[in-house]
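Take a look at the structure below.
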Amino acid sequence: MAFFDWVQPAAQPVLTGPGVLLRLPRAADYEAWRDLRARSRAFLTPWEPSWTVDELHRSSYRLRLRRYRLDARQRTSYTYFVFDRDGAVLMGGLTLGRIQRGVAQTGTLGYWMGQPFAGRGIMTQAVEAVMEFAFEVLRLHRLEAACLPRNAASIRLLEKSGFSREGHLRQYLKIAGVWEDHLLYSILSDDRMLGRIPPSAC
């Protein structure tokens with residue numbers, strides 16, 4: 001069970017799982033973020049939009065923080081850094097974005113993991129904590145995630161987390177400079193409440 005630390009009514013909550021802590025990125029996290037991303041560059045770039053020339057500069061990081069905070073205030077997106085349980089070691093990041101209310105009540109997950117921490121089940125814990133926040137606190141009905149068909153690690157993560165594969169999106173996102181097809185996955189609040197496990201997760 002994740003713990004939701006509502007420091008202020010409008011603040012972005014801190015989320016925790018058995019071995020992870022998720023919180024809003026801070027200015028003081030810059031060096032840890034820069035170093036982890038730099039060390040993991042070859043590992044990450046095949047799955048991400050093309051990095052800019054100033055991708056890891058402090059000025060670009062400041063712009064990111066402003067956007068994250070604005071999105072959180074507007075409650076349209078929540079970006080988290082993923083730390084170890086003590087909040088001391090940065091391991092990756094996760095965003096619950098594209099939050100739509102009204103008739104949709106949906107959001108989209110995106111995530112990245114530093115290479116030294118990949119394959120340890122850390123992001124599975126982070127996704128679980130964010131799903132609990134999305135469904136139990138934000139009361140969303142549906143979460144979506146998309147991944148490249150050749151990204152076996154991401155497919156395993158989503159299916160292990162209970163997501164069902166729904167379709168194939170043609171040239172959905174521009175990744176590493178190329179418009180790439182993606183697989184669409186989703187999970188519903190009803191799936192979790194009823195303990196449903198989709199066939200893809202078996």
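Residue 72 in UniProt numbering is what sits at position 72 of the sequence shown, and the numbering runs on without skipping anything. Glycine residues also receive a C-beta, built at the ideal position from the N, C-alpha and C atoms.
Look at V53 here: in three-state DSSP terms it is coil, with no helix or strand label. For D190, the enclosing alpha helix (DSSP H) has its first and last residue at S189 to M193. Residue state for F83 is assigned as strand, using DSSP reduced to three classes. Excluding five sequence positions before and after Q74, none of the CB atoms of its chain fall closer than 6 Å to its own CB.
Contact annotation, E144 with T108: C-beta distance approximately 5 Å; criterion of less than 8 Å satisfied.
L140 has its alpha-carbon roughly 9 Å from the corresponding atom of M131. Remark: C-beta atoms of L24 and L15 do not approach each other more closely than 8 Å. Look at the beta carbons and you see the region 146-163 touching the region 182-196: at least three pairs across the two are nearer than 8 Å.
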